[in-house]
Amino acid sequence: MSDIYDLPFAPLALVDDVKGSSFFGGPCRILGFNKTTDTVWYIECPRNRPQKEHSNKMRSYVKKPQEKSLKLLSSLFEGSNRTAIVLRVKEEIVSDADLLAQMKNPKDRARVEAYIKHRDKRYDIISPLLRIDGSGRIRTFAEMISDESLPERIRIRAAETGCATSQVYALLHRFWAGGSRRNALMPGYPRCGNPGKSKPQNNALGRHSRLYKAGLTPVKGYPLDRYKGADAEEDEESDKQKLAWGYRLVCHEIPPHDAYLVTMASHWAAHEVRPDGSVYAKLFPIHLRPTYAQFERWGKKLNKNKSATQIYMGDKKWEEQNVARGGSVQDMTSSVGQLGIFDGTSNDNYLSSIESRLKKLPPMTRSVLKENRSTVIFGWFLGWESPSPATGLETILVGASSKVPIAARVGITIEEDQIPALLCRNYLVDNGELKAEKPTEAEVQFGIDIEYTPTYSGARKGNIESDHHTVQLQLDHRLSGTTFGKRRERGKDHPAVHALFNFREYLRELILWIIDYNNEEAIELAPVEMLLKNPEISPTRLNIFKWLRAHGQTAEVPYTIESLRAFMLPEVEAVVRKNGVYLVALVNGRKRLIPKMRFSSPELVASGLLSAVKSSGKSIPTKLRMAETNMTEAWLPTQTGMIHLKNASPDSSLKHIPLIDWIQFLEKHELSNDLKRGEKEQAAAERVVNRLSTIDHAREEQNAEIEALSRPPTKKSYSANLTRNMKEEMEFLRRQDQQSHQSPSFPADAEANDTAKGEAGPLEYLNSEASDAMDAFNQEEFST
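For what it's worth, numbering that gives the first Met the number 0 labels the leading residue of the sequence shown as 0, then goes sequentially.
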């Protein structure tokens, strides 16, 4: 025998008996050894129960460590007559993340998370016993076994945690037997119920049938493979295998219950051959054959646990399914305001400009916002912008705003509750349509939640998807200029040729359609209490919404419309000047102030911004938040909050025109002015030449008068006697006017003669000065 210092095993190694030996009695783990005292400690690994009927069940406890002679134990592994071997087992350390990643569905993952939580709870009980005080290092078994205070510490720890002392010992033993790893404390729940082994059915399993309880049948039920013992399904002629073969018949043509009946007619029936050669199957009484539940259970179990739905769909399609399948979109909510759904699509209509019916516009993007519980439409977006976070937030804003002023701008008078205003708790939107910083900030600021539909999962919001087809069929495809949702065929007119509706006219039609849609009856959505207690109320979508809201069945978020407007409206470039805030936009490729788009309010004046601009003489670039289809109001963000502004233009008709139409008019107007520039410059040049000619003529007359004097006038004399000169001039003009009224033959060129003498009429003089001043002001006001 070799020296005891040359050991065949190391601490934490797994050892076992060779065939025919029984020293260890099964796999054991070496915990440690002491060469000085010739001592080795080992512990049995978890063992199966000895009973035959429970041969695959493991004991719930591990025996305490054993102490043996190191010299004796080493001798078992040497020589040709060795009776023990070291097991070459690769024990991989699996992290919690890897363990969870192996779970394919949320249900299995949740179960493993519960196991991990239970394991950590067990580890917390023994953790203070394993670690050295003041250190995070785990003590070896040799250090712990030499600690004389360990039994007392175990009793103290058991009292602290409320556990029995034996339970603390059991956890320590399991920890050591598992290689001093935390996962050794995992619960054995997956092994409960003797998994993988079927029970012998000497009597019917499960609850008793109603017929047996009522005394209408002599037996409790039909036991499968009676008296054949456990695992009877391994026999190909067993009842369970017959059910499994029948379950394999399930397909699109043969539903599960039909497959069950075919199986019963094949194996649990009396067969009679008729004179015509056909076989008639008379089924046994129901208590003498398997039930449909037994057919489903064993058919599925013995066919790789495939349900009938999985068989219908196929393995590939089945794996693509989400956890939640089936049901209706309304199943996700129980109160109004809990979920709002919206989606954008084309309106399938070419439009004409408000400026000219001959100017055509492409189809717009239309988003409809629907309350999920009552299916009431309470918001929308209509514009030429592509779907984006900005248009999505504007849709939410319109849904939370009063629709009365919006409808009034297109000539429709409605009540506040005809198209309700609310802010939903959750919004279900397209994947990516609202994925941006601003919508994420809105979730935090206003307490809403934006949920994104997974890619290629439009069925999650099938309600709104089907409404796209409805509104296109009932509205878009009935208007002139529609595309019918198709490409133009060769030889057909372009839809723009027939486009007649402008923006305001189309918006009017859309609002009227929404009102009709909300007033449609939807009795399947109405609460039973509403139908029984208030039969006089028609179960329309709008009435259902009102009833649920009035009875407190609402989850909508409280809000102020001002704060929503301030946050959600899109940004528009502007500049703060001394008399208000002007919009800035590109007109014919150049940035300029937009005429008649000046905004102001008492709050703006009180903020001191206008005074600061006037004092410094410099404008302040900024950005307004406003809807480009509503020029009546805007918001100016400042450090102290949002300042509400109103359109200061006295032109009321301009407030109802979209900004894009007004910019298009300005572009056309500028081009028209450019074409007339030659004429204007010709007239201006003539006016300047005439003015200079008048100045030269007046100067010649003045010089002639000076030469006629004996002494030239001094400079002081020009400013002396101004009051007397004014009175004399006024008296002269008065006499001249009287003469012109009294004489019926007043010469038509009298005024021209007076002007030629340097005596210009006062009205003409003032008009020319006012005209020049206004020209200078306009040039400074509306040009960059």
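Glycine residues also receive a C-beta, built at the ideal position from the N, C-alpha and C atoms. Bear in mind the structure is a predicted one, so any value in this text is a computation, not a measurement.
State the DSSP-derived secondary structure class of residue i, mapped to helix, strand or coil.
i	result
leucine 357	coil
alanine 755	Legend: pLDDT at alanine 755 = 43, less than 50; position of this residue unreliable, value from coordinates given subsequently. Residue state, collapsed to three classes: helix.
glutamate 66	strand
proline 494	helix
alanine 749	Caution applies to alanine 749, whose pLDDT of 47 falls short of 50 and renders its modelled position unreliable; the model cannot decide the point.
isoleucine 536	coil
threonine 469	helix
aspartate 848	Because the chain in this structure spans residues 0 to 783, residue 848 falls outside the shown range and cannot be described.
leucine 6	coil
valine 14	strand
proline 761	Legend: pLDDT at proline 761 = 39, less than 50; position of this residue unreliable, value from coordinates given subsequently. Helix.
valine 367	strand
phenylalanine 483	coil
leucine 282	strand
threonine 722	helix
leucine 72	helix
valine 218	coil
arginine 209	helix
glutamate 52	With a pLDDT of 48 at glutamate 52, under the threshold of 50, the modelled position of this residue cannot be trusted, and the question is left open.
glutamate 572	strand
isoleucine 310	helix
tyrosine 226	coil
valine 580	strand
arginine 180	coil
tyrosine 114	helix
Could you tell me the boundaries of the alpha helix (DSSP H) in which residue i lies?
i	result
glutamate 685	676 to 707
histidine 270	Not the alpha helix (DSSP H): histidine 270 falls in the beta strand (DSSP E), residues 268 to 272.
arginine 176	A quick correction: the sequence has alanine, not arginine, at residue 176. First-last of the alpha helix (DSSP H) with alanine 176: 164 to 176.
glycine 298	291 to 300
leucine 99	95 to 100
alanine 157	149 to 160
leucine 842	Coverage of the chain is limited to positions 0 through 783, which leaves residue 842 absent and any answer about it impossible.
leucine 563	560 to 567
methionine 143	140 to 144
Considering only their Cβ atoms, is the gap separating residue j from residue i smaller than 9 Å?
i	j	result
aspartate 238	glycine 343	no
glutamate 232	alanine 243	yes
isoleucine 659	arginine 507	no
arginine 372	leucine 547	yes
glutamine 200	leucine 223	yes
methionine 567	glutamate 393	yes
histidine 655	arginine 356	no
glutamate 370	phenylalanine 377	yes
valine 249	glycine 298	yes
asparagine 587	leucine 670	yes
serine 366	tryptophan 379	yes
serine 401	alanine 420	yes
arginine 288	methionine 263	yes
leucine 368	valine 403	no
glycine 391	phenylalanine 341	yes
From which residue to which residue does the beta strand (DSSP E) around residue i run?
i	result
arginine 544	It should be noted that the sequence gives phenylalanine, not arginine, for residue 544. No beta strand (DSSP E) contains phenylalanine 544, which is instead part of the alpha helix (DSSP H) from 540 to 549.
serine 20	Here serine 20 belongs to no beta strand (DSSP E), and DSSP marks it neither H nor E.
glycine 245	Element bounds for glycine 245: not the beta strand (DSSP E) but the alpha helix (DSSP H), 238 to 246.
arginine 28	27 to 33
glutamate 90	First-last for glutamate 90: undefined, no H or E at that position.
aspartate 347	Run containing aspartate 347: none; DSSP gives neither H nor E here.
glutamate 43	38 to 43
alanine 83	83 to 85
Could you tell me whether any non-hydrogen atom of the ligand NAP is closer than 8 Å to the CB of residue i?
i	result
lysine 590	This structure does not include the ligand NAP; it has no bound ligands of any sort.
Report yes or no: do the region 69 to 86 and the region 35 to 42 share at least 3 C-beta pairs separated by less than 8 Å?
-> yes
Counting pairs of Cβ atoms below 8 Å between the region 118 to 132 and the region 58 to 68, do you hit three or more?
-> no
Just list the beta strand (DSSP E) runs in the region 589 to 658, keeping only unbroken ones of 3 residues or longer that don't cross its boundaries, in chain order.
-> 589 to 599, 619 to 624, 632 to 637, 640 to 646
Continuous beta strand (DSSP E) assignments of at least 3 residues falling wholly in the region 383 to 448 | 425 to 428
Counting pairs of beta carbons, one from the region 598 to 615 and one from the region 480 to 489, are three or more of them closer than 8 Å?
-> no
Pairing CB atoms from the region 334 to 354 with CB atoms from the region 490 to 503, are three or more of them under 8 Å?
-> yes
Pair every Cβ in the region 535 to 543 with every Cβ in the region 551 to 567, then say whether three or more of these pairs are closer than 8 Å.
-> no
Any 3 or more C-beta pairs closer than 8 Å across the region 413 to 430 and the region 441 to 452 | yes
Touching or not, the region 201 to 220 and the region 144 to 156, by the rule of three or more beta carbon pairs under 8 Å?
-> no
Given 8 Å as the limit, is there contact between the region 607 to 626 and the region 563 to 583, that is, 3 or more CB pairs closer than that?
-> yes
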